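Numbering (the numbering used here), first residue to last: 200 to 340.
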C-alpha cells in the first residue's frame, strides 16, 4: 500500500534542498496551498505546467438511497467537485513507478475449501460440557 506524503514532509524536503529557514518554507508551502484553495473556491481551474490541472466539475442533483433505510429516497443536491488531470511529465513518471505494493492491491485469490475429513478420522471430544441455557427470563439472577 502506498504511503502518504504530508505537508510537513514537503516542507522538510524543500528545506533540505534549498537551505531556507523551515518557518519560511512552511509559510511558502501554506501560501501556495491557500492560493490553490482560494482559486478553486472562486470557480477557477488551476493549471500547473508539467504537473497537471485541477478542474472544477459540477455534479447534477440526484436522488439517492439511504442504505440503512432503502425505502426512503434522499435528495442529493447539486455540488462542485475537483477533478485532477495529470500532465505529461507526471504521467511519464508514473509509468516508471514500481507497481508492487502501491495503491489498491489486487484481490487475493480465494482460499481453498478445507478437505473433508477421512472416514476413519474422529474429531476429539471436549473434556467439558458447555453450560446449558437457563430457562429463567432473568438469566438466573
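The beta carbon of each residue, even a glycine, is placed where N, CA and C say it ideally should be. Nothing here was measured: the structure is a model prediction, and the numbers come from that model.
Start and end of the alpha helix (DSSP H) containing residue 271? Counting along the chain, residue 271 falls outside any alpha helix (DSSP H), though it belongs to the beta strand (DSSP E) covering 268-275.
Of all the options 254, 293, 269, 242, which has the alpha carbon lying nearest to the alpha carbon of residue 284? 254
Which runs of the alpha helix (DSSP H) at least 4 residues long sit entirely within the region 206-239? Give them in chain order. 206-217
Relative to the C-alpha of residue 274, which candidate in 281, 265, 238, 282 has its C-alpha closest? 265
Output the distance between the C-alpha atoms of residue 304 and residue 297, rounded to the nearest integer angstrom. Because residue 304 sits at a pLDDT of 49, beneath the cut-off of 50, its placement in the model cannot be relied upon, and the point is left open.
Kindly confirm or deny that the region 203-210 and the region 222-230 touch, where touching means at least three C-beta pairs closer than 8 Å. yes
Return helix, strand or coil for residue 279, following the three-state DSSP convention. strand
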